[in-house]
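Numbering-wise, UniProt numbering puts 236 at position 236 of the sequence shown, and it's gapless, one number per residue. Virtual Cβ for every residue (Gly too), placed ideally from N, Cα, C.
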Amino acid sequence: MSTEENVPLSSDEENSSNNVTLERVIEECGSFGRYQYMHFFFLILFPVATGVYNFYYVFASAETSYQCITPYNISQGFSLAISPSQCSYEIKNVQNQTMGIFPCTNWIYNPTIYGRTFTEEANFICQHSFYHSLLATTLQIGAMFTFFTGRLTDWIGRRCSLRLLVGQLLVTSLITQGLLQFVPMSTNHKFILVLISQFSAGIDTYIASFILILELTTSSHAAFTGNLALVAYSVGEVIVTGMAYICQHWLLLKWAMTLYMLALVPYLIFVPESPHWLLTKHRYAELKQVLHQMAQTNRRSDSRWLIYYQYLIDNHRKQKYLNQKNKVKLSFLSKSRRFLTHVPTMSKLFISGFLGFVTLLLYFKVSFGLGTMKEINLYLNMIIGAIVEAIGYIASSLLMIRYGRKPIFIVFLILTIIYLLLTPLASHLNHTIIIIVAQLGKFAISGAVGVTYIFVPELFPTTIRATGMGFFALLSRFGSSVAPIIDTSISRNTSFVTYINYIYALLTIICVLLTLLLPETRNIPLTDKINYNSNRNEKAPSKTQSITRT
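This is the structure:
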């Protein structure tokens, strides 16, 4: 068995020591051992929570079968007919002439499938059907704030952000649900509280936990670990489906979700900080402590990684000193101008934002579409959809490891285009074909989303990685907030469904073309800072430049 010795280096090794990266140090501490297993097990529970909260809408706003309750004081000689949609009724005289058409204002619901939903409690059907889509839209609007929470994550760290975001979600949930449960109020007041709760749930922990998962290991494991979080998100869909089946009440389901988040609080005491973030903030003592814990848990001796760590810190301190010595002090406006005019960073930022907008728009279009399908039971369809989604994430992860990010992303986009073109053609076929096409769409768009959540953070250095992901999430959630509004608006117009699918297909083709402009990031170590010295894409040092002493 080979051992690591803390011995003097040769002149060639001395020169190469200037290129030691943090990834090399983490590799010596154990890039995928017991330390990562332990923390990943708990960290993926936060993406599970995101999946639970994102699909609460499907069950809380499920449209159960209903029947119009008509007035009973119809005069003799008049008859009454209910419209097929159960949204209006008409009164006719003895000659069968229509005397008037009136909107239904009261309904009776069938609670045997979904229990009591908020749609039923607030009568968000017929002329009020638009309001139940606001529950989904409000959550997506809240998720747009991940741009600011991403910036916060770069500023105060991954660990503090995680604690802060969990705290705000729990405080808001406990207050709003306590009022809904114990204080008598009108339907309008309940609706406002539910909207507040949905908005708060949108400002979730996904970005902070996801980036921390990526930064606790090396780039060679990024595809696997990143997709582990995405698979956990699809597991959240299955869990919320099971919760809804058991609870059979929209408010009780809310309480079950809050209890899940409360169960995660003890882990926040032990959650580690990102080594990459600690290095960029020059917090060397804390970085050394994290690396020591990592090595100790992974059963690596200190002599194996300390020499690399020392070279890394020495070089980092020298670079910091040279930067401070040579750097001209820039004002906030000058720094902002330099950042905003850096072509490589800005192009990656806006291209990734557009990719996020289109992919998440289509993801929620497909996902919410599964929740409204009449051809199959909602619970069964959601579980099948979650399994198909997980398969999409796993498939994209395995393919990315071998073939890279760009080609696999393009493949899944092409599959999505095929789904969009097939959907109008399959709408008149039998139920089995409709379900198969819908699940094909779920697989295709899930694979595409799975690639973006690995590809995008690898495009940006540590100093702006969470900010870049936040901007990506901002435009992504703008797309997902539009999805339920479009879906509600066109659900009764079959001809327009065909046209909107063609528009979606065109947007997806544009995504394919823009992807060709991005650099490939497969097996490229994560960089720490923006290189302002050139307007070319930053190139991180290759692994061959690192020291290897065994």
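In terms of Cβ geometry, K320 and H276 do not form a close pair [threshold 9 Å]. A direct Cα-to-Cα measurement between T467 and G51 gives close to 22 Å. In the structure shown, Y453 adopts helical secondary structure according to DSSP, grouped into three states. At the C-beta level, I436 and T416 stay beyond 9 Å of one another. When C-alpha distances from F443 are compared across G385, L170, V166 and I503, the shortest belongs to G385.
With a cutoff of 9 Å on beta-carbon distance, T508 and L413 are scored as near each other. At a Cβ-Cβ threshold of 9 Å, H221 and F46 do not count as neighbours.
With respect to Y114, L378 sits close: the two C-beta atoms are nearer than 9 Å.
A contact is defined here as three or more CB-CB pairs under 8 Å, and the stretch 135 to 153 meets this definition with respect to the stretch 192 to 205.
Taken through DSSP and simplified to helix, strand or coil, F32 comes out as coil. For L169, same chain residues with a beta-carbon under 8 Å away, outside a window of 5 residues either side, are S200, A201, I203, D204, T205 and M261 in chain order. Per DSSP, S396 is one residue of the alpha helix (DSSP H) stretching across L378 to Y403.
Excluding the 5 residues flanking it on each side, A390 has same chain C-beta neighbours closer than 6 Å at V231 and S234, in chain order. Inside the stretch 116 to 166, DSSP marks whole alpha helix (DSSP H) runs of 4 or more residues at positions 118 to 122, 129 to 144 and 146 to 156, from first to last along the chain. Look at P47 here: in three-state DSSP terms it is helix.
Here the alpha carbon of G441 sits roughly 28 Å from the alpha carbon of I125.
Residue pairing by DSSP puts H249 in a beta bridge opposite R116. Taken through DSSP and simplified to helix, strand or coil, K365 comes out as helix. The Cβ-Cβ distance between A473 and I44 does not fall below 9 Å. Counting only residues of its own chain and dropping the five nearest sequence neighbours on each side, Y308 has a CB closer than 6 Å to the CB of V20, R24, V25 and E28. Scanning its chain for C-beta atoms nearer than 6 Å, with the 5 sequence neighbours on each side dropped, one finds around M243 the residues L253 and A256, in chain order. Residue environment: F41 is assigned as exposed (fewer than 16 neighbouring CB atoms within 10 Å of its CB, all protein chains considered).
Of all alpha-carbon atoms in D314, V456 and A49, the one lying nearest the alpha-carbon of V240 is that of A49.
Scanning its chain for C-beta atoms nearer than 7 Å, with the 5 sequence neighbours on each side dropped, one finds around W305 the residues V25, E28, C29, L291 and A295, in chain order. Counting only the Cα atoms, L228 lies some 25 Å from R300. Annotation for S65: N110 place their beta carbon closer than 6 Å to its own, counting only its chain and skipping 5 residues before and after.
The Cβ atoms of A223 and I401 lie closer than 9 Å to each other. Annotated three-state conformation of T98 is strand, per DSSP.
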